[in-house]
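Presented below is the structure to which this report refers.
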Amino acid sequence: MSNDIVRRQSNCYSAGPCSSSLVNVSKYGGFVQDDSVPTRGSMRQKMVAGATQVLARRGLHATAFSEVLALTGASRGSIYHHFPGGKAELIEAVLDRHASDIDDGLRALHGLPVDQVVSGALDVWRARLVRDDCESGCPVAAVTIAADTSRAVEDCRGAFRQWQDTLASALRAAGCSPRRASDSATLLVAAVQGALILARAEGQPAPFDTVAGLLRAQTAEWVT
124 MSNDIVRRQS NCYSAGPCSS SLVNVSKYGG FVQDDSVPTR GSMRQKMVAG ATQVLARRGL
184 HATAFSEVLA LTGASRGSIY HHFPGGKAEL IEAVLDRHAS DIDDGLRALH GLPVDQVVSG
244 ALDVWRARLV RDDCESGCPV AAVTIAADTS RAVEDCRGAF RQWQDTLASA LRAAGCSPRR
304 ASDSATLLVA AVQGALILAR AEGQPAPFDT VAGLLRAQTA EWVT
């Protein structure tokens with residue numbers, strides 16, 4: 124990850140009580156994103172952060188308030204106070220938070236050359252993968268697979284489209300044609316989601332890194 128990208132993303136992640144910072148994880152090398160349950164901020168923010176971790180590791184149906192309460196130290200009364208709509212409202216908040224966090228990282232890439240946009244985008248997702256020792260997947264993907272309400276599916280669709288739109292905008296600004304930018308943004312998001320699943324199954328980032336290397340090798344063609 125270039126110093127320019129680290130600086131942009133670090134500034135982006137440091138905004139807000141529940142946002143991320145960059146920490147060094149020597150096991151896999153480089154800086155990774157730290158968006159664990161915050162020690163400061165509102166209890167609602169802590170519960171959303173905790174639920175994000177549980178959902179990414181255990182999936183939609185296995186995500187329970189009891190585990191979120193144990194992880195965050197929240198009282199059972201916090202459920203009814205902050206999420207009167209129950210689990211559905213909590214999951215909606217998780218999707219909104221995760222979509223925004225990823226999108227913030229992608230927006231920080233606007234104005235960079237194509238190769239740095241692609242590398243930076245890959246780093247945004249890889250950071251979360253290695254931070255969790257390849258034991259967590261994408262919360263949006265987890266809900267997409269198991270969603271049993273149209274609202275949940277709509278929220279997932281919105282998250283994926285948000286990331287694609289942000290990437291397409293950055294690629295257009297870097298010199299890609301509108302069609303190429305849109306197609307490449309879709310390729311990036313789709314490839315990343317598959318790579319995250321493979322890396323989790325293998326328990327190591329090697330599959331993700333293989334996919335990332337192939338994507339980086341294509342970037343020279345995207346501005347022709």
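Heads up, my numbering is the position in the sequence shown plus 123, with the first residue counted as 1.
Where a beta carbon is used, it is the ideal one built from N, C-alpha and C, also for glycine.
Note that this is a predicted model, so its numbers are computed, not measured.
Pick from the options that is closest to residue i, judged by C-alpha positions
i, options, result
"PRO255", "LEU319, GLY209, ALA335", "Checking the sequence shown, residue 255 turns out to be Asp, not Pro. Of the listed residues, the one whose Cα sits closest to ASP255 is LEU319."
"SER300", "LEU232, LEU213, GLU344, ASP226", "GLU344"
"PHE206", "LEU194, ALA174, GLY234", "ALA174"
"THR342", "ASP238, ALA231, GLY260, CYS257", "ASP238"
"LEU310", "GLY298, ASP288, GLN327", "ASP288"
"ALA211", "ASP227, VAL266, LEU192", "VAL266"
"ARG274", "ILE214, GLY326, ARG181", "ILE214"
"SER259", "GLY326, ALA222, SER189, GLY336", "GLY326"
"ARG78", "ALA291, ARG220, ARG199, GLY182", "Past the boundaries of the shown model lies residue 78; the chain is included only from 124 to 347, so the question cannot be answered."
"GLY182", "GLY228, ASP224, CYS261", "CYS261"
"VAL276", "GLY209, SER305, ASP219, ALA308", "ASP219"
"GLY243", "ALA329, ILE202, ALA293", "ALA293"
"PRO328", "PHE283, LEU192, ALA340, ALA250", "ALA250"
"TRP248", "GLN316, ALA340, ALA172, LEU192", "GLN316"
"PHE283", "ALA222, GLY234, VAL191", "ALA222"
"VAL191", "GLY208, ALA172, HIS204, TYR203", "ALA172"
"SER307", "ALA193, ASP332, ALA340", "ALA340"
"TRP236", "ASP224, ASP332, ALA304", "Position check: residue 236 holds Pro in this sequence, whereas Trp was assumed. Taking only the C-alpha atoms, the option nearest PRO236 is ALA304."
Beta-carbon spacing of residue i, residue j below 8 Å
i, j, result
"LEU245", "LEU338", "yes"
"VAL253", "CYS279", "no"
"ALA197", "MET170", "yes"
"ALA314", "VAL334", "yes"
"GLN176", "ASP226", "no"
"LEU178", "VAL241", "no"
"ARG180", "CYS257", "no"
"HIS184", "ALA269", "yes"
"GLY281", "VAL346", "no"
"MET166", "SER189", "no"
Coarse secondary structure for residue i, derived from DSSP in three states
i, result
"ASP157", "Because the pLDDT of ASP157 is 46, which lies under 50, any placement of that residue in the model is unreliable, and the number read from its coordinates should be weighed accordingly. Strand."
"SER305", "helix"
"LEU183", "coil"
"GLY298", "coil"
"GLY152", "Its pLDDT being 44, under 50, GLY152 is placed unreliably by the model, and nothing is read from it."
"ARG339", "helix"
"THR162", "In this prediction, THR162 scores a pLDDT of 49, lower than 50, which makes its location untrustworthy; the coordinate-derived value is nonetheless stated afterwards. If DSSP states are grouped into helix, strand and coil, THR162 belongs with coil."
Boundaries of the alpha helix (DSSP H) in which residue i is found, first to last residue
i, result
"GLN327", "Unbroken run through GLN327: none, as it is neither H nor E."
"SER201", "200-205"
"GLU190", "188-195"
message: Ignoring anything shorter than 3 residues, give me the beta strand (DSSP E) runs that lie fully in the segment 207-293, in order along the chain.
response: none
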